[in-house]
Amino acid sequence: DRLGANAIEEVLHRLGDTSLVILLVTLSITPIRRLTGWNDLAPLRRPLGLFAFFYLTIHFLWYAVVDEGLAFEFIVEDVIERPYILAGFTAWLMLIPLAITSTKGWIRRLKKNWQKLHRLVYVATGLGVLHFYWQVKADTYWPLVATTVLVALMLLRIRQARRPSQRSLAD
Numbered sequence: 027d028r029l030g031a032n033a034i035e036e037v038l039h040r041l042g043d044t045s046l047v048i049l050l051v052t053l054s055i056t057p058i059r060r061l062t063g064w065n066d067l068a069p070l071r072r073p074l075g076l077f078a079f080f081y082l083t084i085h086f087l088w089y090a091v092v093d094e095g096l097a098f099e100f101i102v103e104d105v106i107e108r109p110y111i112l113a114g115f116t117a118w119l120m121l122i123p124l125a126i127t128s129t130k131g132w133i134r135r136l137k138k139n140w141q142k143l144h145r146l147v148y149v150a151t152g153l154g155v156l157h158f159y160w161q162v163k164a165d166t167y168w169p170l171v172a173t174t175v176l177v178a179l180m181l182l183r184i185r186q187a188r189r190p191s192q193r194s195l196a197d
């Protein structure tokens, strides 16, 4: 048994870990593209983001259906009483409107508000990292790696946002 004594928990953790890695990879595309000029990465953002949401949804459903047997009262109790579950659940809820509005039609309808809405991915990923950190019992190495990656990505984003654009320099 490669999943160990508690296979249900192991699958739950692997789904969550994979989700977080995909989210971090998705967030790294723009900084990598800006640093390297490799624009071929840009079209990967949407499918990777949707893939991360898919994995997170499977992670949540595995918890709700397989681990808790769809016992709604226990799920609500967990969300209320366990901060790490609240953080993860909130992150998943924040990503639902992002998945729904990821189509070209929604981008056109929301215009500039689309970009503002999709910045929630940073908050959701931060909550995901917090969920991961609070959930581990002993070895915090990987949660700290995820935290470091997210902080580095945020610093690159802030640095880019503070730079005057080439367009404004030309004016």
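In terms of this note's numbering, the sequence shown opens at residue 27 and continues consecutively.
Cβ coordinates follow ideal geometry from the N, Cα and C atoms, glycine included.
Please report the straight-line C-alpha distance between residue i and residue j, rounded to a whole angstrom.
i	j	result
VAL91	LEU181	38 Å
TRP160	SER54	24 Å
PHE79	ARG59	22 Å
LYS142	ILE34	37 Å
THR116	THR62	34 Å
THR56	LEU67	8 Å
LEU74	LEU49	8 Å
ARG188	LYS163	38 Å
LEU70	ILE84	21 Å
THR44	ARG135	32 Å
ARG145	GLY152	12 Å
ILE184	ALA97	42 Å
LYS137	SER128	12 Å
GLN186	PRO109	33 Å
TRP132	ALA31	45 Å
LEU41	ILE106	22 Å
ASP165	GLU36	15 Å
ALA150	LEU170	17 Å
PHE77	LYS130	17 Å
TYR167	ILE111	20 Å
TRP121	TYR148	At residue 121 the sequence reads Leu, which differs from the Trp that was named. Rounded to the nearest angstrom, the two C-alpha atoms are 10 Å apart.
When burial is assigned at 16 or more other CB atoms within 10 Å of the CB, is residue i buried or exposed?
i	result
GLY154	buried
VAL177	exposed
TRP64	exposed
PRO123	exposed
LEU87	exposed
PHE100	exposed
VAL102	exposed
THR52	buried
SER194	Per-residue confidence for SER194 stands at a pLDDT of 46, beneath the threshold of 50, marking its modelled position as unreliable; no derived number is given.
Kindly give me the distance between the Cβ atoms of residue i and residue j, rounded to whole angstroms, as I take these residues to be in contact under 8 Å.
i	j	result
LEU38	ASP93	6 Å
TRP118	LEU82	5 Å
LEU46	ALA172	6 Å
HIS157	GLY114	4 Å
Whole alpha helix (DSSP H) elements within the region 110–168, 4-residue minimum: Those alpha helix (DSSP H) runs which fall completely within the region 110–168 and span 4+ residues are 130–136, 138–144 and 146–161.
Sequence ranges, alpha helix (DSSP H) only - wholly within the region 41–119, length at least 4: Runs found: 71–87 and 98–107.
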